[in-house]
Amino acid sequence: MERSDWIPLRNINDDKKIWAGTKVRLYNVGLNVIDKADDYYDYLVSFIYDNVEYLQLTNLSQGEAGNIICVIKKDTPNHYALGKTLKEMMGLEYTFVLFGS
90 MERSDWIPLR NINDDKKIWA GTKVRLYNVG LNVIDKADDY YDYLVSFIYD
140 NVEYLQLTNL SQGEAGNIIC VIKKDTPNHY ALGKTLKEMM GLEYTFVLFG
190 S
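Be aware that the sequence shown starts at 90, since it is given in this note's numbering, and climbs by one per residue.
Next comes the structure, spelled out in structure tokens:
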């Protein structure tokens, strides 16, 4: 996937709806790679079984798949979180978001 498709988290509006299925990419994670452009983990925003208050960010990357980096509080009673909540939990540096894929 083209890096240009990824939006820096800092550019996401605080009121943007973050739905399950949204992908988050975190760069500079310390992988031993030659090309620093490949130094990232991908995460998927997903539901937590039997939990109506939070969504989780689950790692999708080889060797780390299934690990949870954080949970984000839903904008209850809705089934999404807000951009400001994702920003607070992930931080703005090296973090990018991909919507709708």
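For each residue, glycine too, the CB sits at the ideal point set by N, CA and C.
| Check | Outcome |
| --- | --- |
| Residue range of the unbroken alpha helix (DSSP H) whose run includes T174 | 172–179 |
| For V113 and S135, the rounded distance between their alpha carbons | 11 Å |
| Test item: CB-CB of D131 and L149 under 8 Å | yes |
| L111 versus D127 - alpha carbon distance | A small fix is needed here, since residue 111 is Thr in this sequence, not Leu. Cα to Cα, the separation comes out at about 20 Å. |
| Per DSSP, cross-strand counterpart(s) of I158 | In the DSSP output, where bridge partners are listed per residue, I158 has none listed. |
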